[in-house]
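Quick note on the working numbering: the sequence shown kicks off at -1 and runs consecutively.
Glycine included, every Cβ here is placed at the ideal spot set by N, Cα and C.
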Amino acid sequence: MSGSILTAAISCGLIFWVPPALAGDARPTPKGKPARAKLIAGWLERVTLVASGHVVKAKLDTGAKTSSLHATSIEQIERDGTKMVRFVLEGMSDSGQPPVTVERKLVRNVRIKEHKAPSVRRPVVEMEICLDGRRYRSQFTLADRSNFHYPVLLGRRFLAGVAVVDPAKKYLTEQGCPGSDVAKQ
């Protein structure tokens, strides 16, 4: 474009810059592999919990730092000298899938301050989920979320490397959970 046409296009707002992450630009990572473009997701999406096969509604919450997962019968145990957490995934989906008991290595404990309530201590475990046909491994606090609308909350630590959230939309991603392509978050 010539200088005057470019100047006119810019002043009329016809040309705009799109960040590479949103434009689908593949950028090299430290290991030399191209980075995946971030997906655009709604504030509510369906994810698959790989450990149980439950397909559940997940709220994408940029106000929460760590992701959270509905679990009951949460108990910290020790197995072969390793601190573990045993918990039950139940009532997770509308399909009536049976409860599943899961054991995961304890990553850490966090103190969560809830609005107008005393802080509580929650265990954090690593779980694998599928979102938009991609598998991700991420950390989740475990809590009884039966009083909440959604059994899974995906926080900033997970979302930062994966998705841009459109707060006006729901269910923008595809369902499905392939057997490979696991990304660490």
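My output table needs one value for residue i: the three-state DSSP class, helix, strand or coil.
{"i": "Phe146", "result": "coil"}
{"i": "Leu157", "result": "helix"}
{"i": "Cys128", "result": "strand"}
{"i": "Arg34", "result": "coil"}
{"i": "Gly40", "result": "strand"}
{"i": "Lys111", "result": "coil"}
{"i": "Pro165", "result": "strand"}
{"i": "Leu151", "result": "strand"}
{"i": "Thr27", "result": "Its pLDDT being 45, under 50, Thr27 is placed unreliably in this model, and the value from its coordinates should be taken loosely. It is coil, neither helix nor strand."}
{"i": "Thr171", "result": "coil"}
{"i": "Ser117", "result": "coil"}
{"i": "Trp15", "result": "Low confidence applies to Trp15: its pLDDT is 40, below 50, so where it sits in the model is not reliable enough to give any reading."}
{"i": "Pro176", "result": "coil"}
Our contact map puts residue i next to residue j with C-beta atoms below 8 Å; I'd like the distance itself, whole angstroms only.
{"i": "Ile127", "j": "Thr46", "result": "6 Å"}
{"i": "Ile110", "j": "Arg102", "result": "Actually they are not in contact, since the Cβ atoms of Ile110 and Arg102 sit about 18 Å apart, beyond 8 Å."}
{"i": "Leu184", "j": "Gln137", "result": "With the chain represented from -1 up to 183, any question about residue 184 goes unanswered, as that position is not in the structure."}
{"i": "Thr60", "j": "Leu157", "result": "6 Å"}
{"i": "Arg133", "j": "Pro176", "result": "7 Å"}
Under 7 Å between the Cβ atoms of residue i and residue j?
{"i": "Leu170", "j": "Gly40", "result": "yes"}
{"i": "Val150", "j": "Val123", "result": "no"}
{"i": "Ala141", "j": "Ser66", "result": "yes"}
{"i": "Met90", "j": "Val118", "result": "no"}
{"i": "Val86", "j": "Pro96", "result": "no"}
{"i": "Lys57", "j": "Leu37", "result": "no"}
{"i": "Lys63", "j": "Arg154", "result": "yes"}
{"i": "Gln100", "j": "Ala35", "result": "A quick correction: the sequence has Val, not Gln, at residue 100. The answer is no: Cβ separation not under 7 Å."}
{"i": "Val160", "j": "Thr139", "result": "no"}
{"i": "Gly131", "j": "Gly174", "result": "yes"}
Could you check whether the Cβ of residue i sits closer than 7 Å to any Cβ belonging to chain D?
{"i": "Lys36", "result": "Absent here is chain D; the protein component of the structure consists of one chain."}
- Message: Counting beta carbon pairs with one atom in the region 144 to 151 and one in the region 161 to 178, are three or more of them shorter than 8 Å?
- Response: The region 144 to 151 and the region 161 to 178 do not touch, with fewer than three beta-carbon pairs separated by less than 8 Å.
- Task: Only counting runs of 3 or more residues, tell me where the beta strand (DSSP E) segments fall wholly within the region 43 to 105, in order along the chain.
- Result: Listed in chain order, the complete beta strand (DSSP E) runs (minimum 3 residues) inside the region 43 to 105 are 53 to 58, 65 to 68, 70 to 77 and 80 to 87.
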